[in-house]
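J.: A single structure is presented below for examination.
Protein chains: 2
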Amino acid sequence: MDKAKSMMDQKGSPGPCYTNGVHKAFRSQLSNGAGGPYSPGGGGGSGGSGSGSSGSHDGYHHLHYDPQTNGTNGSPAKRCRLRRRVDSLKKNRPPFPWFGMDIGGTLVKLVYFEPKDITAEEEQEEVENLKSIRRYLTSNTAYGKTGVRDVHLELRNLQICGRTGTLHFIRFPTAAMHRFIQMGRDKNFSSLHTTLCATGGGAYKFESDFRTMADLELLKLDELDCLIHGLLYVDSVGFNGHPECYYFENPSDTLNCIKRPYCLDNPFPMLLVNIGSGVSILAVYSKDNYKRVTGTSLGGGTFLGLCCLLTGCETFEEALEMASKGDSTNVDKLVRDIYGGDYQRFGLQGSAVASSFGHMMSKEKRDSISKEDLARAMLVTITNNIGSIARMCAVNEKIERVVFVGNFLRINTVSTKLLAYAMDFWSKGQLRALFLEHEGYFGAVGAFLELLKSSEDP
Amino acid sequence: MDKAKSMMDQKGSPGPCYTNGVHKAFRSQLSNGAGGPYSPGGGGGSGGSGSGSSGSHDGYHHLHYDPQTNGTNGSPAKRCRLRRRVDSLKKNRPPFPWFGMDIGGTLVKLVYFEPKDITAEEEQEEVENLKSIRRYLTSNTAYGKTGVRDVHLELRNLQICGRTGTLHFIRFPTAAMHRFIQMGRDKNFSSLHTTLCATGGGAYKFESDFRTMADLELLKLDELDCLIHGLLYVDSVGFNGHPECYYFENPSDTLNCIKRPYCLDNPFPMLLVNIGSGVSILAVYSKDNYKRVTGTSLGGGTFLGLCCLLTGCETFEEALEMASKGDSTNVDKLVRDIYGGDYQRFGLQGSAVASSFGHMMSKEKRDSISKEDLARAMLVTITNNIGSIARMCAVNEKIERVVFVGNFLRINTVSTKLLAYAMDFWSKGQLRALFLEHEGYFGAVGAFLELLKSSEDP
Numbered sequence: 001m002d003k004a005k006s007m008m009d010q011k012g013s014p015g016p017c018y019t020n021g022v023h024k025a026f027r028s029q030l031s032n033g034a035g036g037p038y039s040p041g042g043g044g045g046s047g048g049s050g051s052g053s054s055g056s057h058d059g060y061h062h063l064h065y066d067p068q069t070n071g072t073n074g075s076p077a078k079r080c081r082l083r084r085r086v087d088s089l090k091k092n093r094p095p096f097p098w099f100g101m102d103i104g105g106t107l108v109k110l111v112y113f114e115p116k117d118i119t120a121e122e123e124q125e126e127v128e129n130l131k132s133i134r135r136y137l138t139s140n141t142a143y144g145k146t147g148v149r150d151v152h153l154e155l156r157n158l159q160i161c162g163r164t165g166t167l168h169f170i171r172f173p174t175a176a177m178h179r180f181i182q183m184g185r186d187k188n189f190s191s192l193h194t195t196l197c198a199t200g201g202g203a204y205k206f207e208s209d210f211r212t213m214a215d216l217e218l219l220k221l222d223e224l225d226c227l228i229h230g231l232l233y234v235d236s237v238g239f240n241g242h243p244e245c246y247y248f249e250n251p252s253d254t255l256n257c258i259k260r261p262y263c264l265d266n267p268f269p270m271l272l273v274n275i276g277s278g279v280s281i282l283a284v285y286s287k288d289n290y291k292r293v294t295g296t297s298l299g300g301g302t303f304l305g306l307c308c309l310l311t312g313c314e315t316f317e318e319a320l321e322m323a324s325k326g327d328s329t330n331v332d333k334l335v336r337d338i339y340g341g342d343y344q345r346f347g348l349q350g351s352a353v354a355s356s357f358g359h360m361m362s363k364e365k366r367d368s369i370s371k372e373d374l375a376r377a378m379l380v381t382i383t384n385n386i387g388s389i390a391r392m393c394a395v396n397e398k399i400e401r402v403v404f405v406g407n408f409l410r411i412n413t414v415s416t417k418l419l420a421y422a423m424d425f426w427s428k429g430q431l432r433a434l435f436l437e438h439e440g441y442f443g444a445v446g447a448f449l450e451l452l453k454s455s456e457d458p
Numbered sequence: 001m002d003k004a005k006s007m008m009d010q011k012g013s014p015g016p017c018y019t020n021g022v023h024k025a026f027r028s029q030l031s032n033g034a035g036g037p038y039s040p041g042g043g044g045g046s047g048g049s050g051s052g053s054s055g056s057h058d059g060y061h062h063l064h065y066d067p068q069t070n071g072t073n074g075s076p077a078k079r080c081r082l083r084r085r086v087d088s089l090k091k092n093r094p095p096f097p098w099f100g101m102d103i104g105g106t107l108v109k110l111v112y113f114e115p116k117d118i119t120a121e122e123e124q125e126e127v128e129n130l131k132s133i134r135r136y137l138t139s140n141t142a143y144g145k146t147g148v149r150d151v152h153l154e155l156r157n158l159q160i161c162g163r164t165g166t167l168h169f170i171r172f173p174t175a176a177m178h179r180f181i182q183m184g185r186d187k188n189f190s191s192l193h194t195t196l197c198a199t200g201g202g203a204y205k206f207e208s209d210f211r212t213m214a215d216l217e218l219l220k221l222d223e224l225d226c227l228i229h230g231l232l233y234v235d236s237v238g239f240n241g242h243p244e245c246y247y248f249e250n251p252s253d254t255l256n257c258i259k260r261p262y263c264l265d266n267p268f269p270m271l272l273v274n275i276g277s278g279v280s281i282l283a284v285y286s287k288d289n290y291k292r293v294t295g296t297s298l299g300g301g302t303f304l305g306l307c308c309l310l311t312g313c314e315t316f317e318e319a320l321e322m323a324s325k326g327d328s329t330n331v332d333k334l335v336r337d338i339y340g341g342d343y344q345r346f347g348l349q350g351s352a353v354a355s356s357f358g359h360m361m362s363k364e365k366r367d368s369i370s371k372e373d374l375a376r377a378m379l380v381t382i383t384n385n386i387g388s389i390a391r392m393c394a395v396n397e398k399i400e401r402v403v404f405v406g407n408f409l410r411i412n413t414v415s416t417k418l419l420a421y422a423m424d425f426w427s428k429g430q431l432r433a434l435f436l437e438h439e440g441y442f443g444a445v446g447a448f449l450e451l452l453k454s455s456e457d458p
């Protein structure tokens, strides 16, 4: 962070733009639409791309430039004052484009802010490069062979640094990082003089490649700082009028297990379990006070890597699709396979897994199972292991709220429900598993927030 | 345990035979040879079968029947007293053969006490069945296709219940259990009226099979009770004059990492990590005061099951042999693969595993690795996961001694050294990993001890 600051000092951006204060500050200053956590003008939780900004320019702080007011109303003096204010704001916020990037072990997560309040004048002044980037990102939902925009996640009518726009969520495999950097070079990205805020291990690993290949300097940020800041921010602005956070009611009852919104207004302390390629577990006591309790290398990368080896699948989507159709009890040795029933003395039900993949040492059993069974067993094994470690941490840290994030949970209701069940069952109802709609994007959002925060550095 | 007692009540064995008291009682009353923990007359830690009982009949308690004294020395009155004593002892101890059995998820562990002090008279009186069992077990080191006697583990010159003999250690796959029961039927084992003390899940699962197929009643015992009692007993008698317990000096230095004896005279509190098909972790405060802290289903069965699937191997030995030749860093994604170096802020070295099997989502990487690499990565993954969970438990329970047992550790120095390193490194030298020579046999020994203990029930 010190390094980040010193880099910005060199650029000398003056004055405040967006107050990255305590959680409540997020909620009041950075909210979309009507000043509350959830904009009543926002759309539903999914679908649609790049629309919905009309009618919500009058945000809470009125820090943004309103073209209608400027163009048609007010005295010459008022227009002059407004123009000066706009100019000042322009100076106090970073130049477009606004990005935040999280370069993980498996996926790069990119958030991009699309301003929806661009004036005709501004559009005229906009360099072609910038326009081209905006059009490319917002008019496509897929980029190259592997880049994807998660349209259903976009945050609309977002007011930030006096601008109104849409935050877009894009991901692509880290394996394509060099192609991405080349694209940055080909599009002459460095001419835009934007700051590329990046977090995740790749911010360090690819730093010199960005410099040498594309003449781009990264502002490197710690991934756990970004994760927490991004999470608190997204929860505070809400998900287009809907809550970001949810839990499962009746997690122990598969038939009546229902997704419910959860109010994360008072989030501390929380145990934050970030399941990416590997897993980090944090005890978070406030926005800037947290510790990394532990981690495990058995994460999403383990699930996907072993699924590829065992089933011949190629993608996370394929692996999950197979897992959804499989039966792990053909693969795992359960307590009842060893005991003939429950191990009552220590409260282990017969249906509990005693040995993951324990049946697979038998050739006969290996010959009788399907790829789908293997994928399901792998998913259950990795998920239960994470759940068990998280539960131990929660008990030790005396924290009841366990928030699970990370792209392992994307389109993965098997794991979310299993985690909800595991937290509830093994803690006898003392712990609650919480989930967030933007699963794996908080690091990128946190990096994006740093870009804006950097403007307030003297 | 109540059930165990009530079964013995029906048999009505009177008077004490062997005092299963506190740990110190083990050490003083049940030791071999010269009364100390390790008999100076005992042989080395390995090799040899069924020999070595000569010259050590004068044990600590002189409870045994000495044929030489009886046959050649003393007055008729003295001989008469001795004979009465022997008769009394005969009544107070269970009839031969003496077995203890632990029927686990993967392996059945069997301990068999071979009396070496049999008199000519006793041999004459011995029924053919009993003789045949003794000869079969002691003259072979392999039984059928899959049974193995671990000759290097036998405990010689053991004095127990007034008899001197050798404790043999035998194992076979649980999958062969029905063949074993059939053999019991064919050899008319039930005619011997011995009590079959059995622990492990299989004692419950196979109970009715023993009854219906071979007319045998099991005395079922809890596996964790047996584990602890067996462990304390074996440590107290020592390993043929050598210590049972060891640790690794300089665990963080692969070149100078040396196996050293450890004195477990004051074993409490200890964290006991039993790695079988699955894993149980106990906090043990005294012989009879312990709790099961947690467990994980990712154990030896997971390692072997996944190795069979990934490499086509068939046995634990094959899997370990492959693992010894492989390189897990071709399979796992390390911190440096993601960060380009260390993740300094949270003390994660570049060489630490960030995502187990994380490279395997790339087809290119999959095409470049060997089966040996996969086996090694599987071993490292399972071992590190267990180590990490054990370390968390040790910290939470404030216990410094972490004792690892179970057959996963058999012929598995990769895992023992890795566990020793992990405990030392991540606790900054606060925790010590301990290991025991008889790895997976303590449950069976504990069951065996219950057979003898049962004689003291009123």
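Listed in order, the protein sequences are those of chains A and B.
Heads up: the first sequence begins at 1 in the numbering used here, then just goes up one per residue.
Heads up: the second sequence begins at 1 in the numbering used here, then just goes up one per residue.
Glycine residues also receive a C-beta, built at the ideal position from the N, C-alpha and C atoms.
Given that Tyr343 of chain A touches chain B, what residues does it touch there, using C-beta distances under 9 angstroms?
T.: Residue mapping note: residue 343 of chain A aligns to position 343 of the first sequence, counting from 1. Ordered by position in chain B, the residues that pass the 9 angstroms Cβ test against Tyr343 of chain A are Gly201, Tyr204, Glu223.
J.: In chain A, which residues lie less than 8 angstroms from Leu309 of chain B when you measure between Cβ atoms?
T.: To locate residue 309 of chain B, count along the second sequence from 1; it is residue 309. Simply Leu310, Phe357, Met360, Arg366, Leu374.
J.: How about the stretch 397 to 407 of chain A and the stretch 367 to 380 of chain A: do they share at least three Cβ pairs that are nearer than 8 angstroms?
T.: no
J.: What residue from B:Thr212, B:Met183, B:Leu434 has the CA that sits closest to Tyr247 of chain B's CA?
T.: As a first step, residue 247 of chain B must be located in the second sequence, where it is residue number 247. That would be B:Leu434, whose Cα lies nearest to the Cα of Tyr247 of chain B.
J.: Could you check what DSSP says for Cys226 of chain A in three-state terms: helix, strand or coil?
T.: In the first sequence, residue 226 of chain A corresponds to position 226, counting from 1. Looking at Cys226 of chain A - three-state DSSP - the assignment turns out to be helix.
J.: Under the three-state reduction of DSSP, which class applies to Tyr204 of chain A: helix, strand or coil?
T.: Start at 1 with the first residue of the first sequence, and residue 204 of chain A comes out as number 204. Three-state result, Tyr204 of chain A: helix.
J.: Give me the Cα-Cα distance between Leu306 of chain B and Ile411 of chain A, rounded to the nearest whole angstrom.
T.: Stepping through the second sequence from its first residue, residue 306 of chain B is reached at position 306. Stepping through the first sequence from its first residue, residue 411 of chain A is reached at position 411. Going by the C-alpha atoms only, they are around 26 angstroms apart.
J.: Can you pull the chain A neighbours of Leu306 of chain B, defined as C-beta to C-beta under 7 angstroms?
T.: By 1-based counting over the second sequence, the position of residue 306 of chain B is 306. What Leu306 of chain B touches in chain A: Phe357, Met360.
J.: Around the C-beta of Gln159 of chain B, are 16 or more other C-beta atoms found within 10 angstroms, so that it is buried, or is it exposed?
T.: For this step, residue 159 of chain B is matched to residue 159 along the second sequence. Buried, because 16 or more other Cβ atoms sit within 10 Å of the Cβ of Gln159 of chain B.
J.: Return yes when the Cβ of Trp98 of chain B is within less than 8 angstroms of the Cβ of Phe448 of chain B, no when it is not.
T.: Start at 1 with the first residue of the second sequence, and residue 448 of chain B comes out as number 448. Start at 1 with the first residue of the second sequence, and residue 98 of chain B comes out as number 98. Annotated as proximal: Phe448 of chain B and Trp98 of chain B, with beta-carbon spacing under 8 angstroms.
J.: Report the neighbours of Leu475 of chain A on chain B: residues whose CB is nearer than 7 angstroms to its CB, in chain order.
T.: Nothing about residue 475 of chain A can be reported from this structure: the residues present for chain A run from 1 to 458 only.
J.: I want to see whether chain A comes within less than 8 angstroms of Ser388 of chain B, judged by CB atoms only; does it?
T.: For the purposes of this step, residue 388 of chain B is taken as residue 388 along the second sequence, with counting starting at 1. Yes, contact with chain A.
J.: Leaving out five residues before and five after Asn129 of chain A in sequence, what residues of the same chain have Cβ atoms less than 8 angstroms from its Cβ?
T.: As a working mapping, residue 129 of chain A is identified with position 129 in the first sequence. For Asn129 of chain A, where only same-chain residues beyond five positions count, the Cβ hits under 8 angstroms are Lys187, Asn188, Phe189, Ser191, Leu192.
J.: Is the number of C-beta pairs between the stretch 275 to 285 of chain A and the stretch 295 to 304 of chain A that are closer than 8 angstroms three or more?
T.: yes
J.: I need the boundaries of the beta strand (DSSP E) containing Asp102 of chain A, first residue and last residue.
T.: For the purposes of this step, residue 102 of chain A is taken as the residue at position 102 of the first sequence. Note, Asp102 of chain A: beta strand (DSSP E), 98 to 103.
J.: For Gly105 of chain A, go through chain B and note every residue whose CB falls closer than 8 angstroms to its CB, in chain order.
T.: Here residue 105 of chain A refers to the residue found at position 105 of the first sequence. Within 8 angstroms Cβ-Cβ: Lys333, Asp337, Ile338, Ala354, Ser355, Gly358.
J.: Hey, how far is the Cα of Cys308 of chain B from the Cα of Asp373 of chain B?
T.: The residue given as residue 308 of chain B occupies position 308 in the second sequence. The residue given as residue 373 of chain B occupies position 373 in the second sequence. Cα to Cα, Cys308 of chain B sits roughly 14 angstroms from Asp373 of chain B.
J.: Rounded to whole angstroms, what is the Cα-Cα separation between His438 of chain A and Ala444 of chain A?
T.: Stepping through the first sequence from its first residue, residue 438 of chain A is reached at position 438. Stepping through the first sequence from its first residue, residue 444 of chain A is reached at position 444. About 11 angstroms.
J.: Should Asn396 of chain B be flagged as near chain A, meaning a C-beta pair shorter than 8 angstroms?
T.: Residue mapping note: residue 396 of chain B aligns to position 396 of the second sequence, counting from 1. At least one CB of chain A lies nearer than 8 angstroms to the CB of Asn396 of chain B.
J.: Pairing CB atoms from the stretch 326 to 341 of chain B with CB atoms from the stretch 200 to 207 of chain A, are three or more of them under 8 angstroms?
T.: yes
J.: Between which two residues does the beta strand (DSSP E) containing Arg292 of chain A stretch?
T.: As a working mapping, residue 292 of chain A is identified with position 292 in the first sequence. Per DSSP, Arg292 of chain A belongs to the beta strand (DSSP E) from 289 to 296.
J.: Hey, does Gly301 of chain A have any beta-carbon neighbour from chain D nearer than 8 angstroms?
T.: Looking at the structure shown, chain D is missing, and the protein chains on hand are A and B.
J.: Near Gly147 of chain B, what residues of its chain come up, given a Cβ to Cβ distance below 6 angstroms and the 5 sequence neighbours on each side ignored?
T.: Here residue 147 of chain B refers to the residue found at position 147 when the second sequence is read from its first residue. Counting only Cβ-Cβ distances below 6 angstroms, and skipping sequence neighbours, we find Phe172.
J.: How is the alpha helix (DSSP H) around Leu463 of chain B delimited, first residue to last?
T.: The question about residue 463 of chain B has no answer, for chain B in this structure spans 1 to 458.
J.: Residue ranges of each beta strand (DSSP E) run of no fewer than 3 residues wholly in the stretch 161 to 203 of chain A, ordered along the chain?
T.: Here the runs fully enclosed are 163 to 173, 196 to 199.
J.: Verify the CB distance criterion: does Gly278 of chain B have a CB-CB separation below 8 angstroms to chain A?
T.: In the second sequence, the residue the question calls residue 278 of chain B occupies position 278. True, the Cβ-Cβ gap to chain A drops below 8 angstroms.
J.: Within 10 angstroms of its Cβ, does Arg81 of chain B collect 16 or more other Cβ (buried), or is it exposed?
T.: Indexing the second sequence from 1 puts residue 81 of chain B at position 81. Confidence in Arg81 of chain B is poor, its pLDDT being 47 and thus under 50, which makes the residue's placement too unreliable to answer from.
J.: Confirm, please, whether the CB-CB distance from Phe442 of chain B to Gly230 of chain B is below 8 angstroms.
T.: In the second sequence, counting from the first residue as 1, residue 230 of chain B sits at position 230. In the second sequence, counting from the first residue as 1, residue 442 of chain B sits at position 442. Against a cut-off of 8 angstroms, the Cβ pair of Phe442 of chain B and Gly230 of chain B comes out as a contact.
J.: Run through DSSP, which three-state label would Asn274 of chain B get?
T.: The count along the second sequence starts at 1 and reaches residue 274 of chain B at position 274. Under the three-state reduction of DSSP, Asn274 of chain B is assigned to strand.
J.: Looking at Leu451 of chain B: is its Cβ nearer than 8 angstroms to the Cβ of Pro94 of chain B?
T.: Taking the second sequence and counting its residues from 1, the one referred to as residue 451 of chain B is at position 451. Taking the second sequence and counting its residues from 1, the one referred to as residue 94 of chain B is at position 94. Yes.
J.: Could you give the DSSP three-state label for Ile369 of chain B: helix, strand or coil?
T.: Here residue 369 of chain B corresponds to residue number 369 of the second sequence, with the count starting at 1. In the structure shown, Ile369 of chain B sits in coil (DSSP, three-state: anything other than H, G, I, E or B).
J.: Are the CB atoms of Gly301 of chain A and Thr138 of chain A within a distance shorter than 8 angstroms?
T.: As a first step, residue 138 of chain A is located in the first sequence; it is residue number 138 there, counting from the start. As a first step, residue 301 of chain A is located in the first sequence; it is residue number 301 there, counting from the start. Not closer than 8 angstroms, so no.
J.: Regarding Val151 of chain B and the ligand ZN, is the C-beta to nearest heavy atom distance less than 7 angstroms?
T.: Among the components modelled here there is no ligand, and therefore nothing to report on the ligand ZN.
J.: I believe Ala198 of chain B touches Ile133 of chain B by the beta-carbon criterion, under 8 angstroms. Please report the beta-carbon distance rounded to the nearest angstrom.
T.: Here residue 198 of chain B corresponds to residue number 198 of the second sequence, with the count starting at 1. Here residue 133 of chain B corresponds to residue number 133 of the second sequence, with the count starting at 1. Actually they do not touch by this definition, with Cβ atoms about 17 angstroms apart.
J.: Cutting at 7 angstroms between CB atoms, please list the residues of its own chain near His62 of chain A, excluding the five before and the five after it.
T.: The residue labelled residue 62 of chain A in the question sits at position 62 within the first sequence. At His62 of chain A the pLDDT is 27, less than 50, meaning the model places this residue with poor confidence and gives no usable figure here.
J.: Using a C-beta to C-beta distance shorter than 8 angstroms, which residues of chain B count as neighbours of Thr294 of chain A?
T.: As a working note, residue 294 of chain A is residue 294 in the first sequence. By Cβ distance, chain B contributes Ser388, Met392.
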